[in-house]
Amino acid sequence: MSATISNNDSALKLLLAFVPEAQKDLAVDSVADQLSKLTLDGQQVEGTSSVAQLLAAKYNSALAGNTDAEKAEVSQWLTMSARHGQSERQVFAQTINEHLAGKTYIVSNCITLADIVVFGNIHAFMETLSAQKRFNWSNFSRWFDLIQHSVSEDALAKAGLKLVAIDLNAPTPAKKQPAAPAAAAKGDKGAKGDKGAKGDKGDKGAKGDKGDKGDKGDKAAEDKKKDKQEAQKGGKGEKKEKKEKKQPAAKEELKIVPSMIDLRVGHIVNVKKHDDADSLYVETIELGEPEPRTVVSGLVRFIPIEQMQNRDVVLVCNLKPAAMRGVKSFAMVLCATSADGNTVEFVEPPKGSKPGDRVYFEGFEGREPEELLKPKLKIFETIQPGLFTDENREAGWYDEEKKFHKLLVSGNVCTTATVAKGTLK
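Following this line, the structure appears as structure tokens:
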């Protein structure tokens, strides 16, 4: 069993970090300017996508997808990621950004070949993006940062890659330079040619006396202008000097904090399967508001319908309403996903919680959430990568300093049934 991997095939080199067993079995050689090839169990394939899929089938089948639909989607993303060139990468990155709205990984709820291969192929493009572009494509940037931290820095280096510094906060606008002072006084306009010189036309023959009239006219006009200026200085006619225009103050950088998210306790009073989507539930959830909210959730594969009934849940209430297969959803149920992606559970409010109770993060008590999370500000997308359960199954948020802020209702922590060290979304 052997493999030859092209020197510039970062995607396959990175994949080997996810299938360490393959490194023990395979004799791996590096080649230049050739397609990567793999000979395994009597089967020979070539090309990044084919080699990746065969490695996954042999050593970690979950990387290729858990269902036929997921396998087909993974294959589709591998094909799209094979495109090269700056213009194609630009379009591809934008496609990823739109696809990842409300998702953690490209396919399924765990890392797959799609994430690994796409990351390896798009890495060089990410390095070229400005801070503003990375902020504008926050879903893409958030996903990129998650994948690059899913392996060690040493594994990245072996793949010929390096960590890219990703900052999902809005970049600070550059300070405007003060305008340069006027270079010259208006009096310099005289350089345009002393209009009084028109009187010199009198030099043309006998009409020369008219030049004197030109001189007198200029003098009279000059005296009149002087008198007018003097009059303006006196009495009520005096004009105030124009004040210098104040430069507009630079906008303060928006600091995104988890208290901007409106989290509340909800109670599921009714649930049914979506008429047009086998993977979706349509729930009616009581929130202590005049009317219950309709919420659409992709939980059919993970939670049986009988376990959905009469459950207390945590809802994200200020996302922009979104239509899902013709049914508009007015909130999102917060769930925890295990590291392998096979288990998804509700984040459960503590016992005694009532519909409409505020859910907040430790250290951010008493702060009012945004009325609506504006999609352009990417508030939820910025906070979501830090949402986890800890080893005790307690839900919370890790800040930039890796401090864990527990998710609370009236001082009591929200938990999950079994998922520890899982992601929340």
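In this note's numbering, the protein residues as written are 92 to 516. Note that the Cβ used here is the ideal one computed from N, Cα and C, for glycine as well.
First through last residue of the alpha helix (DSSP H) which encompasses GLU374:
Not the alpha helix (DSSP H): GLU374 falls in the beta strand (DSSP E), residues 372-377.
Over the uninterrupted alpha helix (DSSP H) stretch that includes GLN167, give me the two end residues.
159-172
Length of the line joining the Cα atoms of ALA511 and GLU482:
5 Å
Assuming VAL435 contacts LEU354 under a Cβ cut-off of 8 Å, what Cβ separation, rounded to an integer in Å, is found between them?
At roughly 18 Å, the Cβ-Cβ gap does not stay under 8 Å, so VAL435 and LEU354 are not in contact.
Three-way DSSP call (helix, strand, coil) for LEU498 in this model
strand
Of all the options THR195, GLN135, TYR150 and LEU105, which has the alpha carbon lying nearest to the alpha carbon of THR428?
THR195
Nearest-angstrom beta carbon gap, ILE187 and PHE231 [assumed within contact, 8 Å]
Right, their Cβ atoms sit about 5 Å apart.
Mind checking LEU345: buried by the 16 CB within 10 Å criterion, or exposed?
LEU345 is classed as exposed because its beta carbon has fewer than 16 other beta carbons within 10 Å across all chains shown.
Expected contact under 8 Å - CB spacing of PHE479 and LEU425 to nearest Å:
PHE479 to LEU425, Cβ: 12 Å. No contact.
Cα-Cα separation between PRO111 and THR509, rounded to whole angstroms
PRO111 and THR509: Cα-Cα distance of roughly 28 Å.
Let me know the secondary structure DSSP gives MET423 once reduced to three states.
strand
Kindly indicate the opening and closing residues of the beta strand (DSSP E) around LYS403.
Rather than Lys, the amino acid found at residue 403 in this sequence is Asp. 403-407 is the extent of the beta strand (DSSP E) around ASP403.
Under a three-way DSSP split, which group does GLN135 fall into?
strand
Taking C-beta to C-beta, are VAL500 and ASP448 nearer than 8 Å?
yes
From VAL450 to GLU164, what does the alpha carbon distance come to, in whole angstroms?
36 Å
Near GLY251, which residues of its chain fall below 7 Å by C-beta distance, leaving aside the five closest residues on each side in sequence?
SER101 and LYS104
For SER199, I'd like the list of residues in its chain whose CB is within less than 8 Å of its CB, leaving aside the five on either flank, ordered along the chain.
These residues qualify, in order along the chain: GLY156, ASN157, GLU161 and GLY432.
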